[in-house]
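J.: Submitted below is the structure of interest, expressed as structure tokens.
Numbering (full-length UniProt numbering), first residue to last: 1 to 69.
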């Protein structure tokens, strides 16, 4: 958001949330938002989203699944 030189008011309109909520996002307070909401924000900001899924404690070879949203 900083790279686009958007003001918090503009981000608020783009994301559809009140300006104080944008302030929390800018401070990195992501725990205030659910995962689904954060994904929606990223899509509205035209951000490419890729999830890499693999077992946490895989022994030997493991399969990694990549999902693009």
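Every residue, glycine too, gets a C-beta built ideally from N, C-alpha and C.
Given the structure is predicted, the values throughout are model-derived calculations rather than measurements.
Let me confirm a value: residue 11 is counted as buried when at least 16 other C-beta atoms fall within 10 Å, else exposed. Which label applies?
T.: Of the other Cβ atoms in all chains shown, 16 or more fall within 10 Å of the Cβ of residue 11; this residue is therefore buried.
J.: Quick check: what's the CA-CA separation for residue 48 versus residue 68?
T.: 8 Å
J.: Since residue 66 sits in a beta bridge, which residues does DSSP pair it with?
T.: 52
J.: Does residue 44 come out as helix, strand or coil in the three-state DSSP assignment?
T.: Residue 44: helix per DSSP, three-state reduction.
J.: In its own chain, which residues sit with a C-beta less than 8 Å from the C-beta of residue 38, not counting the 5 before and 5 after it?
T.: 30
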